[in-house]
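For the record, the sequence lines run as chains B and Z.
Going by our numbering, the residue at position 144 of the first sequence is 158; the numbering climbs one at a time, nothing skipped.
Going by our numbering, the residue at position 201 of the second sequence is 215; the numbering climbs one at a time, nothing skipped.
This report refers to the structure that appears directly beneath it.
Number of protein chains: 2
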Amino acid sequence: MPDHKLQVIPIGGLGEFGMNSMAFRYGDDIIVVDAGMMFPESELLGVDIVTPDFTYLEQHAGMVRGLVLTHGHEDHIGAVPFLLSQLNVPVYGTDFTLALVERRLEEHELLDETNLNTVKPGDRIVLGPFEIEFIHVTHSIVSAVALAITTPLGVIIHTGDFKVDPTPTDNELFDLHTLAAYGKRGVLLLLSDSTNVDRPGYTESERAVRPRFEDLFTRSARRLIISCFSSSIHRLQLILDLADEYGRKVAFLGRSILNVTEIAHSLGLLSIPDSILVRPQEIMQMTPGKVAVVVSGTQGEPMSALSRVAVDNHKHLYIQPGDTVVLSSRIIPGNEKAIYRMMNHIARRGADLVYGSMRPPVHVSGHASEEELKLILNLVRPKYFIPIHGEYRQLSRHAHLAQHLRFAGLEESFVLETGETLEIDRLGARRSEKITVGRVCIDSGSLDDVVEDIIIRDRRHLSEDGFVLPIIAINKHTGKSEGLPEMVSRGFVAGDNAAILQEARGVVARTLETSTAEERGDWGVMQEKIRTDLKRFLNKQTQRRPLIMPVILEV
Amino acid sequence: MPDHKLQVIPIGGLGEFGMNSMAFRYGDDIIVVDAGMMFPESELLGVDIVTPDFTYLEQHAGMVRGLVLTHGHEDHIGAVPFLLSQLNVPVYGTDFTLALVERRLEEHELLDETNLNTVKPGDRIVLGPFEIEFIHVTHSIVSAVALAITTPLGVIIHTGDFKVDPTPTDNELFDLHTLAAYGKRGVLLLLSDSTNVDRPGYTESERAVRPRFEDLFTRSARRLIISCFSSSIHRLQLILDLADEYGRKVAFLGRSILNVTEIAHSLGLLSIPDSILVRPQEIMQMTPGKVAVVVSGTQGEPMSALSRVAVDNHKHLYIQPGDTVVLSSRIIPGNEKAIYRMMNHIARRGADLVYGSMRPPVHVSGHASEEELKLILNLVRPKYFIPIHGEYRQLSRHAHLAQHLRFAGLEESFVLETGETLEIDRLGARRSEKITVGRVCIDSGSLDDVVEDIIIRDRRHLSEDGFVLPIIAINKHTGKSEGLPEMVSRGFVAGDNAAILQEARGVVARTLETSTAEERGDWGVMQEKIRTDLKRFLNKQTQRRPLIMPVILEV
Chain B
15 MPDHKLQVIP IGGLGEFGMN SMAFRYGDDI IVVDAGMMFP ESELLGVDIV
65 TPDFTYLEQH AGMVRGLVLT HGHEDHIGAV PFLLSQLNVP VYGTDFTLAL
115 VERRLEEHEL LDETNLNTVK PGDRIVLGPF EIEFIHVTHS IVSAVALAIT
165 TPLGVIIHTG DFKVDPTPTD NELFDLHTLA AYGKRGVLLL LSDSTNVDRP
215 GYTESERAVR PRFEDLFTRS ARRLIISCFS SSIHRLQLIL DLADEYGRKV
265 AFLGRSILNV TEIAHSLGLL SIPDSILVRP QEIMQMTPGK VAVVVSGTQG
315 EPMSALSRVA VDNHKHLYIQ PGDTVVLSSR IIPGNEKAIY RMMNHIARRG
365 ADLVYGSMRP PVHVSGHASE EELKLILNLV RPKYFIPIHG EYRQLSRHAH
415 LAQHLRFAGL EESFVLETGE TLEIDRLGAR RSEKITVGRV CIDSGSLDDV
465 VEDIIIRDRR HLSEDGFVLP IIAINKHTGK SEGLPEMVSR GFVAGDNAAI
515 LQEARGVVAR TLETSTAEER GDWGVMQEKI RTDLKRFLNK QTQRRPLIMP
565 VILEV
Chain Z
15 MPDHKLQVIP IGGLGEFGMN SMAFRYGDDI IVVDAGMMFP ESELLGVDIV
65 TPDFTYLEQH AGMVRGLVLT HGHEDHIGAV PFLLSQLNVP VYGTDFTLAL
115 VERRLEEHEL LDETNLNTVK PGDRIVLGPF EIEFIHVTHS IVSAVALAIT
165 TPLGVIIHTG DFKVDPTPTD NELFDLHTLA AYGKRGVLLL LSDSTNVDRP
215 GYTESERAVR PRFEDLFTRS ARRLIISCFS SSIHRLQLIL DLADEYGRKV
265 AFLGRSILNV TEIAHSLGLL SIPDSILVRP QEIMQMTPGK VAVVVSGTQG
315 EPMSALSRVA VDNHKHLYIQ PGDTVVLSSR IIPGNEKAIY RMMNHIARRG
365 ADLVYGSMRP PVHVSGHASE EELKLILNLV RPKYFIPIHG EYRQLSRHAH
415 LAQHLRFAGL EESFVLETGE TLEIDRLGAR RSEKITVGRV CIDSGSLDDV
465 VEDIIIRDRR HLSEDGFVLP IIAINKHTGK SEGLPEMVSR GFVAGDNAAI
515 LQEARGVVAR TLETSTAEER GDWGVMQEKI RTDLKRFLNK QTQRRPLIMP
565 VILEV
């Protein structure tokens with residue numbers, strides 16, 4: 015009879031897009047599944063990386079038995095160095111996943127002190143009261159797994175990210191049999207990927223892009239420039255195979271694509287035909303019809319290889335009329351404008367642009383659509399269900415889906431957001447305490463450069479209406495202000511020295527004059543009075559609300 | 015024999031999204047087609063409206079014979095008040111288009127002085143050497159027209175925005191016959207809408223949404239809350255008809271939807287079943303299954319009715335579990351995050367959310383897809399072709415499409431961007447001079463509040479790294495600085511008074527000390543020296559580049 019309750023503790027990725035991380039606790043033992051990052055929203059001005067707040071795990075550091083990774087996408091492993099720098103625990107994952115993690119740990123000089131453990135689908139590991147089996151799933155990255163976590167209270171299935179691809183290009187099928195066997199024996203709790211829950215039908219197989227790429231290799235008379243996510247090993251394999259077949263050499267452009275292909279090749283996950291690769295510096299010397307270039311930067315990231323190629327700012331490649339540029343990827347929400355801008359630059363240089371929705375597709379998603387999600391729910395038929403990996407609207411839709419299926423045994427679906435925990439014991443499952451969560455914003459990729467919320471709030475404020483600084487010089491002997499206050503402003507009104515600012519000086523002077531001696535003696539009070547009066551004046555005159563920050567100088 | 019050349023002068027909307035406006039000049043006569051606005055990109059921080067720069071038209075004010083409008087969407091009429099305030103010329107458009115323009119002119123107190131002329135499809139007007147025939151087209155707004163402009167050098171066809179809907183809900187078919195007749199007689203130049211050129215196939219008929227809405231009215235047990243573009247009169251008619259059929263009352267929520275429905279009703283374009291309307295204040299009193307609410311704000315605009323409803327911040331409507339919320343609209347690029355945020359709020363309140371792609375559709379586009387664009391090209395078979403209304407990638411794809419059709423007579427396609435003119439004479443067509451164009455950013459909807467580029471640049475800079483202001487008090491008698499410089503900062507580093515700013519004070523003090531007396535006498539030089547030294551210091555310490563603005567106070 016189990017003595018303790020089981021707690022499900024979402025650290026990140028529930029009710030938000032990215033930075034996926036989930037903890038499970040039984041008694042005094044905790045395991046963590048994934049530690050991903052989030053690409054910052056454009057509203058997080060000047061921030062480069064966002065990771066979950068791992069405070070809960072730090073507070074329970076002595077209980078954490080290990081970090082288990084489902085696959086190597088950034089939103090699942092991007093925060094691993096940040097977590098490990100706070101909490102050095104053993105890490106478990108497949109070969110490819112750990113190879114990608116190693117690269118990140120090296121960058122942060124954490125590799126030597128980290129305990130990395132490679133697992134294969136079918137392997138089982140034991141971490142305290144948890145026994146974890148790794149189950150192969152199909153996804154847009156190779157070596158992705160789901161987890162079957164056996165606890166004293168029952169089995170938890172965590173799908174990771176997946177689709178149910180009936181014809182994966184590497185012929186490694188989703189291990190539905192193992193999932194079905196768990197379902198048959200009885201599953202306590204299912205956590206399943208909600209990313210594409212709002213897409214009806216089935217996600218197309220990775221194999222569906224082959225006809226489109228065959229057509230591109232057949233029809234393109236000149237250079238073929240293809241951009242895809244660097245971790246899309248299946249897609250890279252297809253490009254290499256077709257290049258071989260159609261007599262083109264291949265060049266890789268961009269640091270991430272070079273790194274990842276090297277890793278995949280060394281692990282035997284990417285087979286590179288003999289002498290097909292050429293170096294970037296050879297691209298422009300070759301007959302244009304005899305080369306294909308694979309470029310990183312599908313999201314229009316300003317410093318990526320493709321963004322630089324698009325504006326003739328890359329050492330080894332520029333676009334010429336008649337070249338074909340293929341964007342074999344989706345648009346991550348928030349990146350639309352940057353991507354369209356890049357595409358316009360490319361079109362302006364006379365290239366044929368291939369992108370977007372078309373039959374046959376030039377890109378397929380790696381996430382399961384509605385019908386696949388139903389299949390998994392029906393196979394696993396859990397007692398409790400928690401949708402994971404998605405914003406609230408997606409989680410709640412996924413929960414509805416489960417309720418509508420009405421398979422035998424489902425007692426309840428829980429829509430949890432990050433920080434909202436669930437506890438399960440012999441009597442059932444129920445919502446429990448909230449834990450401290452949030453996001454940690456990092457400026458430049460180092461571990462230290464954490465940006466506080468207040469800074470981001472200030473930046474947003476500044477970005478909308480600029481600032482106005484009244485500067486008052488106070489004579490330290492007399493306690494009186496010297497001359498008219500100065501008024502410094504940027505980003506506020508045209509000219510920034512316009513009549514309005516002249517008037518504003520008068521407003522501040524009046525505030526000073528009409529204040530009592532007592533008020534004038536308290537700088538805090540004076541600053542607040544000046545701010546209030548000036549705010550009212552500027553808002554009335556301009557309908558705008560610049561950041562106002564009175565400065566009092568003692569001279 | 016024509017004496018003059020014909021000039022095609024794109025004022026806005028070519029190579030950019032929105033603010034469509036095109037001028038045609040023959041000798042000393044100019045006509046303008048459309049004067050639209052653009053919704054600002056999120057990068058234009060704090061800007062509300064963007065209009066084209068009408069400098070060219072102002073410079074040739076005496077030549078402008080009139081403004082001709084194709085339809086009433088904001089990206090075609092939104093800048094009319096701004097153009098007319100600079101240039102009072104007669105305006106021509108259909109009844110509904112002019113009614114929408116009137117409302118905008120009233121807001122800007124320009125209505126009395128404006129000469130508005132209502133036209134119908136089939137009408138012809140003469141403006142100097144231009145004879146203009148209005149041709150009915152199908153689009154997501156009612157009363158949309160294309161223009162056939164007869165000039166001494168030949169006929170120009172300007173499609174406006176359109177799709178070729180074979181089953182429009184009002185049975186007013188696209189007047190393909192007139193277009194075909196022009197095509198048969200010979201067309202000099204076609205300008206055609208490129209918005210959806212990257213969508214394969216045909217755009218679905220407006221009628222295609224009916225089955226989805228029937229299903230929604232059948233299945234929804236409680237309140238049905240529907241949001242669509244307020245100008246979608248066809249869609250509003252469908253909702254009113256179904257509400258009548260299924261026994262629900264209808265309430266309109268939001269200023270724009272109230273205005274537009276009133277206009278459409280008064281023009282006989284929207285038929286409102288007897289006593290079906292209820293006032294907003296009655297919504298929450300009615301049986302939830304007996305009311306449908308039409309709400310404006312599909313794009314997640316912060317102050318729109320739906321955004322406020324989504325966070326329980328609307329006087330007359332809040333969402334209850336089991337309500338159905340329908341987003342019957344597309345996502346305008348750039349609005350993704352705001353819309354998703356709004357949807358999450360709605361889902362969190364327990365509503366069923368209906369949105370996105372599904373069969374049958376809950377929304378269809380108003381713009382022609384690839385096959386419809388081919389149809390128009392084949393019907394009109396112009397000598398010259400200019401794709402309009404789109405970013406560069408769309409214009410160039412549309413030009414490619416025309417080249418690949420190879421219909422008889424096409425001599426050349428020109429991809430022009432705003433400001434790049436084309437001239438046509440007896441010898442042919444060729445690219446010509448560039449004119450002054452650009453965008454004018456307006457802060458709050460008034461005619462005066464123009465935001466200069468420098469302000470936007472400052473705001474962007476501030477939004478990324480905040481600001482640092484060194485403040486130096488100089489004794490006006492001695493010319494020497496008094497005490498250590500002050501350092502004021504926001505949005506830059508945590509605490510804003512951290513050690514780094516203390517050190518920065520020393521840096522500025524050193525700059526002052528090491529300057530010659532001559533330098534110290536020139537404030538401009540000193541400001542620049544301080545800025546340079548401080549920039550180097552802060553960048554080295556933090557890898558960030560705040561806006562630095564030295565202030566020198568004479569005390």
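Each residue gets a CB set at the ideal place from its N, CA and C atoms; glycine is no exception.
Note that the structure is a prediction, hence the values are computed from the model and not measured.
Hey, does residue i have any beta-carbon neighbour from chain B nearer than 8 angstroms?
i: residue 323 (chain Z); result: no
i: residue 362 (chain Z); result: yes
i: residue 358 (chain Z); result: yes
i: residue 554 (chain Z); result: no
i: residue 387 (chain Z); result: no
i: residue 480 (chain Z); result: yes
i: residue 83 (chain Z); result: no
i: residue 419 (chain Z); result: no
Looking only at its own chain, which residues have a Cβ that is under 6 angstroms from the Cβ of residue i, when we skip the five neighbours before and after it?
i: residue 395 (chain Z); result: 197, 421, 423
i: residue 294 (chain B); result: 265, 267, 330
i: residue 51 (chain Z); result: 33, 63, 65, 88, 92, 93
i: residue 173 (chain Z); result: 160, 206, 207
Run down chain Z in chain order and give the residues with a C-beta less than 9 angstroms from the C-beta of residue i.
i: residue 398 (chain B); result: Within chain Z, no residue comes near residue 398 (chain B); the closest Cβ sits about 20 angstroms away, beyond 9 angstroms.
i: residue 311 (chain B); result: Result: empty, since nearest Cβ-Cβ is about 16 angstroms, beyond 9 angstroms.
Taking only heavy atoms of the ligand ATP into account, decide whether any of them is closer than 7 angstroms to the Cβ of residue i.
i: residue 256 (chain B); result: The ligand ATP is not part of the structure shown, which contains no ligands of any sort.
Using a Cβ-Cβ cut-off of 8 angstroms (strictly less than) and excluding sequence neighbours within five positions of residue i, which residues of its own chain qualify?
i: residue 461 (chain B); result: Note that residue 461 (chain B) has pLDDT 47, beneath the 50 cutoff, so the model's placement of it is unreliable and no number is given.
i: residue 254 (chain Z); result: 264, 284, 285, 286, 287, 290
Spatial neighbours of residue i within its chain, please: C-beta separation below 7 angstroms, excluding the five flanking residues on both sides.
i: residue 181 (chain Z); result: 219, 221
i: residue 1 (chain B); result: As shown, chain B starts at 15 and ends at 569. That puts residue 1 (chain B) outside it, with no answer to give.
i: residue 403 (chain B); result: 27, 34, 175, 207, 208, 209
i: residue 359 (chain Z); result: 324, 325
Name, please, each residue of chain Z whose Cβ falls closer than 8 angstroms to the Cβ of residue i.
i: residue 332 (chain B); result: Under the 8 angstroms cutoff, chain Z gives no residues; its nearest Cβ is about 17 angstroms from residue 332 (chain B).
i: residue 502 (chain B); result: 483, 563, 565
i: residue 3 (chain B); result: Given a span of 15 to 569 for chain B in the structure shown, any question on residue 3 (chain B) remains unanswerable.
Is there a C-beta anywhere in chain Z that falls below 8 angstroms from the one on residue i?
i: residue 487 (chain B); result: yes
i: residue 373 (chain B); result: yes
i: residue 477 (chain B); result: yes
i: residue 198 (chain B); result: no
i: residue 32 (chain B); result: no
i: residue 180 (chain B); result: no
i: residue 505 (chain B); result: yes
Look up residue i in the DSSP assignment and say whether it is helix, strand or coil.
i: residue 461 (chain Z); result: Because residue 461 (chain Z) carries a pLDDT of 47, less than 50, the predicted location of this residue cannot be relied on, and no value is offered for it.
i: residue 217 (chain B); result: coil
i: residue 564 (chain B); result: coil
i: residue 177 (chain Z); result: strand
i: residue 156 (chain Z); result: coil
i: residue 333 (chain B); result: coil
Can you pull the chain B neighbours of residue i, defined as C-beta to C-beta under 7 angstroms?
i: residue 370 (chain Z); result: 212
Exercise. In chain order, what residues of the stretch 516 to 535 of chain Z put their CB closer than 9 angstroms to some CB of chain B?
Worked result: Nothing from the stretch 516 to 535 of chain Z brings a Cβ to less than 9 angstroms from some Cβ of chain B.
For this session: For the stretch 389 to 413 of chain B, enumerate the residues whose C-beta is nearer than 9 angstroms to any C-beta of chain Z, in chain order.
Result: Within the stretch 389 to 413 of chain B, the qualifying residues are 405, 406, 407, 408, 409, 410, 411.
Exercise. Along the stretch 213 to 237 of chain B, what residues have a CB closer than 8 angstroms to any CB found in chain Z?
Worked result: Residues are counted here when their Cβ sits less than 8 angstroms from a Cβ of chain Z; for the stretch 213 to 237 of chain B these are 213, 214, given in chain order.
For this session: Using a Cβ-Cβ cut-off of less than 7 angstroms, give me the residues of the stretch 143 to 157 of chain Z that come near chain B, in sequence order.
Result: Within the stretch 143 to 157 of chain Z, no residue has a Cβ that lies closer than 7 angstroms to any Cβ of chain B.
For this session: Can you give me, in chain order, the residues of the stretch 333 to 354 of chain B that have a beta carbon less than 7 angstroms from any beta carbon in chain Z?
Result: Hits within the stretch, in order: 347, 348, 350, 351, 354.
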